[in-house]
Amino acid sequence: MNRGSVAIAALKLVDPMTRRVLSRDRWHYAIELSKLLLDLHYEVAWFQIGDGWKSQLIPGVPLFGVLQDSAQLFTWPKASDDFYEKTHGFEWTVYFDLILAYPQVHEVSIAISHGIAWDDPLFESLLPTETEREEWKRRLWMALRAPQKVVTVESGLIHWATATWPGLYNSFEYIPNFVPSWVDEESPSPGMAEFGEHVEGSIKILFSGAMTPEAGISETIRAMESLLDRDNRLEFYLFGYGSEATVKYLMEWAEKHPRSHFQAGLIPGKVLAQMDIVLFPGKSCQETSMSCLAAMSLGKTVIVGQNSG
């Protein structure tokens, strides 16, 4: 029996132009959430930033790229308003990106905080003036207050928000991430043999994910340049995605440095399983991410940054 319809708002599950998945963790979370709602006999539709295209998240679950992409102080009020206007026929709404709960939400709604960039309290320091910081905080406060609940996968935002605005504690529901199923899935992506020659008995170190400053790629490259020179047992693997310029730079960097390998794209479970050390040096909550949980579930040594979480 159909229990009603659920509209879900996201900023960018896929790149609006290329339709490429931007984050494996977010994509997997979206799929599992959709499957859960379908199993509970809800109809589900996703909405994200785009120029009017339509796709599918999974069979029976459409993904509409119809929201405006216009950012102000790390918020997207036009996308939020678009979602509000386009989804009046739905009984329930979910704001998959917390900040889309500003400036308005549907009456029956929840929001999700993934503990990354745009809802990471450290992000406040990127705003240059006190006026901008105060306005950003006001908008975040509205986004936290407007839904019936804010589901968060980590506790950092809860601690910061309740210290900043006493009384918000009951707005949150803590539901931690889960080990993703792709850890055990076969993948057509390259296996270890396809990276070229390897050092017998080497210590394999992995950095995977977004090749961005927030994810700690700059610090990782500097550290590996030093470590590779000091110890010839080390092999370094970069597996991820970024801008064309970043990908080109990292490919050239890997070619110049011995025992270094770069592959653009998402890391398959069979490659992760062969690593010894996995790095998560990011400036937000990577140690609660699905990728980190996947590495831990495989018994890998995991190193996280001191600012993480």
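All residue numbers for the sequence shown refer to this note's numbering, where the first residue is 12 and numbers rise by one.
Glycine is no exception: its CB is placed at the ideal position from the N, C-alpha and C atoms.
message: Does PRO191 pass the burial test, meaning 16 or more other C-beta atoms within 10 Å, or should it be called exposed?
response: buried
task: Give me the Cα-Cα distance between MET203 and GLY15, rounded to the nearest whole angstrom.
output: Here MET203 scores only 49 on pLDDT, less than 50, and its place in the model is too uncertain to base an answer on.
- prompt: Sorted by chain position, which residues of the same chain lie with C-beta nearer than 6 Å to VAL116's C-beta, five sequence neighbours on each side aside?
  reply: Result list for VAL116: ALA157, PRO158, in chain order.
- prompt: How would you label GLY167, buried or exposed, when you count the other beta carbons within 10 angstroms and need 16 or more for buried?
  reply: Buried, since its Cβ has 16 or more Cβ neighbours within 10 Å.
message: Below 8 Å, how does it come out for the region 241-249 and the region 209-222: are there three or more Cβ pairs, yes or no?
response: yes
- prompt: Taking the beta strand (DSSP E) that PRO73 falls in, what are its first and last residues?
  reply: Per DSSP, the unbroken beta strand (DSSP E) holding PRO73 starts and ends at 72-78.
field: chain B within 8 Å of THR104, Cβ atoms only
entry: Structure shown: chain B not included; a single protein chain is present.
message: Please give the ranges of any alpha helix (DSSP H) in the region 232-284, keeping only runs that are unbroken, at least 4 residues long and fully inside the region.
response: 255-267, 280-283
- prompt: Unbroken beta strand (DSSP E) runs of length 3 or more, entirely within the region 100-160: which are they?
  reply: 103-106, 120-124
field: Nearest neighbour of GLY212, chosen from LEU47, LEU239, ARG244 [CA to CA]
entry: Ranking LEU47, LEU239, ARG244 by Cα distance to GLY212 puts ARG244 first.
message: Within the continuous alpha helix (DSSP H) that includes GLY167, where are the two ends?
response: 167-175
field: Own chain, CB closer than 6 Å to MET153, minus 5 neighbours either side, in chain order
entry: TYR113
- request: Return helix, strand or coil for ALA82, following the three-state DSSP convention.
  value: coil
field: Host beta strand (DSSP E) of TYR185 (start-end)
entry: 183-185
query: Counting along the chain, where does the beta strand (DSSP E) carrying ALA56 start and finish?
result: 54-60
message: For THR312 and ILE186, I'd like the C-alpha separation in whole angstroms.
response: 24 Å
query: Quick one: what does DSSP say SER200 is sitting in, helix, strand or coil?
result: The pLDDT assigned to SER200 is 46, lower than 50, so where the model puts this residue is not dependable; a value taken from the coordinates is nonetheless given after this. SER200: coil per DSSP, three-state reduction.
- request: Compute the distance between the beta-carbons of GLU184 and LYS160, then report whether it is under 8 Å.
  value: yes
message: Can you look up PHE189 in the DSSP assignment and give me helix, strand or coil?
response: coil
message: How far does the beta strand (DSSP E) with LYS311 in it extend, from its first residue to its last?
response: From DSSP, LYS311 is part of no beta strand (DSSP E); its letter is neither H nor E.
field: Where TRP64 sits in the DSSP three-state scheme
entry: Note: TRP64 maps to strand in three-state DSSP.
task: Assuming VAL119 and GLU102 form a contact by the criterion Cβ under 8 Å, report the distance between their Cβ atoms to the nearest whole angstrom.
output: 7 Å
task: Would you list the one or two residues that DSSP bridges to LYS215?
output: Under DSSP, the beta-bridge partners assigned to LYS215 are GLU246.
- request: Report, in whole angstroms, the separation of the C-beta atoms of GLU143 and LEU84, which I expect to be a contact under 8 Å.
  value: That pair is a contact at about 6 Å.
task: Below 6 Å CB to CB, which residues in the same chain sit around PRO199 once its five sequence neighbours on both sides are set aside?
output: Below a pLDDT of 50, predicted positions are generally treated as unreliable, and PRO199, at 44, falls in that range; the measurement from the model is reported next regardless. Excluding positions up to five away in sequence, the list is empty.
- request: Find out if the Cβ-Cβ distance for the pair GLY227, GLU165 is shorter than 8 Å.
  value: With respect to the 8 Å criterion, GLY227 and GLU165 are not classified as neighbours on the basis of their beta carbons.
message: Per the DSSP calculation, VAL164 is bridged to which residue(s)?
response: DSSP lists no partner for VAL164.
message: At the level of alpha carbons, what is the spacing between PRO27 and LEU49?
response: In this model, PRO27 and LEU49 are separated by some 25 Å (Cα to Cα).
- request: Determine the closest residue to PHE75 out of LEU22, GLU266, ALA265, ILE314, with distance taken between C-alpha atoms.
  value: The option with the nearest alpha carbon to PHE75 is LEU22.
query: How about VAL17 and TYR53: do their beta carbons lie closer than 8 Å?
result: yes
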